[in-house]
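Each remark here refers to the structure printed beneath this line.
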Amino acid sequence: MPFTKLGLSDPLLRGILASGYTSPTEIQSEAIPMALSGQDIIGCAQTGTGKTAAFVLPILSRIFRERPVKAKKRVIRSLILTPTRELAVQIERSIHNYGQFVGVRALAIYGGVDIKKQLETLHRGVDIVVATPGRLMDHMRRGSIDFGAMEVLVLDEADRMFDMGFIDDVRKIIKTLPEQRQTMLFSATIPPEVQQLAAGVQKDPQMIQIGEQHNPIDTITQHVYAVLRQQKLDMLLHMLQNRPMQSVLVFSRTKHGADKIHRKLEHADIASIALHSGRSQSQRQHALDGFKSGKYQVMVATDIAARGIDVRGISHVVNFDVPLYARDYIHRIGRTGRATNAGDAITLVAPDEQEYLRKIEHFIGQRFEPEQYEGFTCAQFMASLSRTQEQTRSQRLVARVRKASRKPRLTRRGRGKGSHLAVAH
Ligand code: AMP
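In terms of my numbering, the sequence shown opens at residue 175 and continues consecutively.
Written out as structure tokens, the structure reads:
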């Protein structure tokens, strides 16, 4: 279905065209008409599917169509809650892009920067606030923000809000919002805690699920290399110097690790930068902008950059450390292969990380074939990796046989409007 059939007004269609989009993505085709009708939505879509436009366009449509009469200044019509500052900035930019012919005013509210400018902008009046929970609570305590006229609430990356420990703040914020509102919740995965949150804050939501929940998007090629921990840095360097890797996002489990990798690369004259929560907000934005513009070939980051961050044309994601949580793997590798571009995900697995690799395999329902990287081979470890894989395979078979003899369970089936809970065996 083309954008023109989704029920969006002309100025929005012009904004979409100016953003270079020719046809809606799947989540946009499904969510936009539903959101325009005022329906509450749970959107479960993999990262990079175009979900920002799926909720921003209906919000802009509402703002454009129904301006409050005789309001002295702009009032906040919509609140979008996001887990990270970078994501807040990114969504604010998307609002300005899509809404460039609508005359919309949006403000990103996040910590790590002077609050004064945010206070001034709020005082002048804005239509949409995109916020991280911590700084928003700060504004609420000061009484500098008024949600009395808020109509649409979006909870973006809801699963990440839980992972990052923001959920109590999110609940507190929602309690102060008008009850009469539309609530859209987006999450890459829908674990039970997110279902519970949705049940408490939404009214009769429609579920939209795009693609299989756990499978990394089709455009990404995944590689796993078995390597000793002490050889990882040299191996990464060798890869960067000998393979065509134009734009590389390297994930490290710790801030210290990210700095160490960055220093090593810098020392070898590779244009690199680090992004983690130990850096100031302006350093973080500088890193992201420099990586986006191509000034830095490599950005070394912690999981802070794993969610939502949209940098076009990342050719490779390297998991320098195997992520501890399987779902972080999906988010990390989803930074490449965005929209319809292809991308490579490379995971370096050391002997003490085999357990995490197994969890990822289990989560995505796919088995990796670990490879060796020439010059960094390690026969003993490869042999042990293959052995454990054999064992896991037979354990899984036993588990499957046991499961087959258990009671039926509830599972979510189908996609789109007709989604429903069904009994599966
Ligand atoms: P998102 O999942 O919202 O972060 O979007 C992922 C990427 O897809 C971003 O670079 C968007 O600009 C891009 N995108 C979103 N919608 C479309 C579309 N309809 N056509 C082409 N690209 C899109």
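For glycine and all other residues, C-beta sits at the position ideal for the given N, C-alpha and C.
Asked, Found
"In the DSSP assignment, what residue or residues form a beta bridge with V303?", "L253 and L281"
"Which first and last residues belong to the beta strand (DSSP E) in which A448 is found?", "S446 to L449"
"Measuring only from the beta carbon, is P176 closer than 8 Å to any heavy atom that is part of the ligand AMP?", "no"
"Which residue wins for smallest C-alpha separation from Y195, given the options L210, E204, A219 and G224?", "G224"
"Is D333 near the ligand AMP, going by C-beta to nearest heavy atom under 8 Å?", "no"
"For T357, which option in P365, I483 and Q376 has the closest C-alpha, if you only look at C-alpha atoms?", "Q376"
"Measure the CB-CB distance between T476 and T510 and report whether it falls below 9 Å.", "no"
"Since T521 is in the beta strand (DSSP E), which residue starts that stretch and which ends it?", "G517 to V523"
"Which residue wins for smallest C-alpha separation from E331, given the options I347, A445, P365 and M175?", "P365"
"What is the DSSP secondary structure of S193, reduced to helix, strand or coil?", "coil"
"Is K577 helix, strand or coil by DSSP?", "Reliability of the predicted coordinates at K577 is poor, the pLDDT of 49 falling under 50, and the value obtained from them is presented with this limitation in mind. Correct three-state label for K577: helix."
"Check whether chain B comes within 9 Å of V328, counting only Cβ atoms and requiring the distance to be less than that.", "Given the protein chain composition of this structure (a single chain), no chain B is represented."
"Are three or more beta carbon pairs between the segment 339-353 and the segment 196-210 nearer than 8 Å?", "no"
"Where do the ends of the alpha helix (DSSP H) carrying L261 lie?", "R259 to Y272"
"Using a threshold of 8 Å, is the CB atom of A516 nearer than that to any non-hydrogen atom of the ligand AMP?", "no"
"Nearest to H483 by CA position, among T256, E527, G539 and Q405, is which residue?", "According to the sequence as given, residue 483 is Ile; it is not His. Checked all of T256, E527, G539 and Q405; the closest Cα to I483 is T256."
"So is the beta-carbon of K225 under 8 Å away from any non-hydrogen atom of the ligand AMP?", "yes"
"Where does L187 fall in DSSP's three states?", "helix"
"In chain order, which beta strand (DSSP E) runs of at least 3 residues are fully inside the segment 424-495?", "446-449, 472-475 and 490-493"
"With a Cβ-Cβ cutoff of 9 Å, do E266 and A282 count as a contact?", "yes"
"Answer yes or no: the CB of G317 versus the heavy atoms of the ligand AMP, is any distance below 8 Å?", "no"
"Could you tell me how far apart the beta carbons of L231 and V278 are, in whole angstroms, since I believe they sit closer than 8 Å?", "Going by Cβ atoms, the distance from L231 to V278 rounds to 11 Å, so no, they are not a contact pair."
"Short of 7 Å in beta carbon distance, which residues of its chain neighbour R316, apart from the five on each side in sequence? Order them along the chain.", "none"
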